[in-house]
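Here the structure comes first, spelled out in structure tokens, and everything after it is commentary.
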Amino acid sequence: MKDHEKLTIIVPGSTANLGPGFDSVGLAVNRKLILNIEKNETWEFVPICSEVSSIPSGSDNLMYKVAHRLAAKYDAILPPCRVEVWSDIPLARGLGSSAAAIVAGIELANQLADLQLTNNEKLRFASLYEGHPDNVGASLYGGLVIGSHHKDETYMLRVNQLNVEIIAVIPHFEVPTKVARSVLPTQFSFEKAVEASAIGNVLVGALLIEDWQLAGKMMDKDLFHQPYRTTLIPQMTQIFSVAKQAGAFGVALSGAGPTVLCLAEKGKGMSIAKELRSCLDSFDVHELEVDLEGCVVKKTAELLHGRAEK
């Protein structure tokens, strides 16, 4: 990044799991985290919308921590910057706000230190930092991603298009991921693990061949996390029932929740959203789209005396 250059990093939010695809299936959505960056005397993160008004302003900011750790890995020094932060990804709601911040931090270091990392290298670092590849992979690549994270390597496949409409039912309360993870079992029997994995495998296959009804059935049969997290989300059973009756083929917790995600065939999303709004006064209901771009970087030269510096 040159001295008079301004940098914009745009990262989409995401949903994960889609029921049984626990920690392995992610889908990018058109909610965004946007950073506007220019060099400064000190590091400063400046919120420019209410959604991120509470973020730390200095070196305790998650994006700085990620960028600093990545730069240190390559023995690089990051020049201090002023970073304006805008987002419409709700915090701690299961739409990938922390994963988007991690991806943004990686790209911040990549650009400032000119690391020239490949997407595979970014994914590996993000997965090591997050502990799983689904949300960070979706925010990095866009589209539908299926990943597997191991000590020695991280694997990921990307599906360019998912021909569905998305309705997100977003509550006004937060459920931190740490809390949502605390209610999960610490171990499965071999028999139950095989059953749960098979359900996830069939979900992925059904999505790839666009067998929506089968995909919906697999989302209902999740054994990994939804049965244990139901107590954390009031009205979850009602949301599932109303959405299904209105025409959604699949309903699942978005990530760790508390947002509930409804998937529908093309042309049905608007009517489903309308029905959900009429029944759920204490929730926000939004129609979302699949984001296909993933993380995007834009560079602009600062205008000086009416001319763009070359």
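Heads up: the sequence shown runs through residues 2 to 311, numbered per my numbering.
Quick reminder that beta carbons are idealized off the backbone N, C-alpha and C, glycines included.
- Going by beta carbons, E85 and V47 fall inside the 8 Å limit.
- Taking C-alpha positions only, C263 is separated from E290 by approximately 12 Å.
- Residue range 45-48 is occupied by the beta strand (DSSP E) that includes F46.
- The alpha-carbon separation between L129 and L113 amounts to approximately 21 Å.
- T260: not part of any beta strand (DSSP E); DSSP gives it neither H nor E.
- With a threshold of 16 other beta carbon atoms within 10 Å, L208 meets it and is buried.
- By the neighbour-count criterion, in which 16 or more other beta carbons inside 10 Å mark a residue as buried, H173 falls on the exposed side.
- With a 10 Å radius around the Cβ and a threshold of 16 neighbouring Cβ atoms, N41 comes out exposed.
- The DSSP assignment places complete beta strand (DSSP E) segments of no fewer than 3 residues inside the stretch 258-300 at 261-266, 284-289, in order along the chain.
- When beta bridges are read from the DSSP output, M157 appears opposite G148.
- Around the beta-carbon of D115, fewer than 16 other beta-carbon atoms lie within 10 Å, marking it exposed.
- In the structure shown, G206 falls within a helical segment according to DSSP collapsed to helix, strand and coil.
- Annotation note: the stretch 186-243 contains the following uninterrupted alpha helix (DSSP H) runs of length 4 or greater, listed N- to C-terminal: 191-209, 213-221, 227-230.
- The three-state secondary structure of F126, taken from DSSP, is helix.
- Between A17 and N136, the C-beta gap is smaller than 8 Å, which places the two residues in contact.
- For L28, the beta-bridge partners assigned by DSSP are T16, L145.
- N41 carries a coil assignment under DSSP once its states are collapsed to helix, strand and coil.
- For the pair L71 and T187, the Cα-to-Cα distance works out to about 31 Å.
- Residue burial is scored here from C-beta neighbours: Q214 has fewer than 16 other C-beta atoms within 10 angstroms and is therefore classed as exposed.
- Your pair L141 and L124 checks out as a contact, with CB atoms roughly 6 Å apart and the cut at 8 Å.
- E175 carries a coil assignment under DSSP once its states are collapsed to helix, strand and coil.
- In the three-state scheme derived from DSSP, where H, G and I count as helix and E and B as strand, I35 is classed as strand.
- Of I107, S198, A274, G268, the smallest CA-CA separation from V261 is found for A274.
- For L96, there is no enclosing alpha helix (DSSP H), as DSSP marks it with neither H nor E.
- Take T155, set aside five residues on each side of it, and the residues of its chain with a beta-carbon closer than 7 Å to its own are L124, R125, S128, P134, G148, in chain order.
- Within the stretch 52-109, the beta strand (DSSP E) runs of at least 3 residues that lie entirely inside it are, in chain order, 82-88.
- Put simply, the stretch 57-67 does not touch the stretch 174-181. Fewer than three CB pairs are less than 8 Å apart.
- For the pair G295 and V286, the Cα-to-Cα distance works out to about 23 Å.
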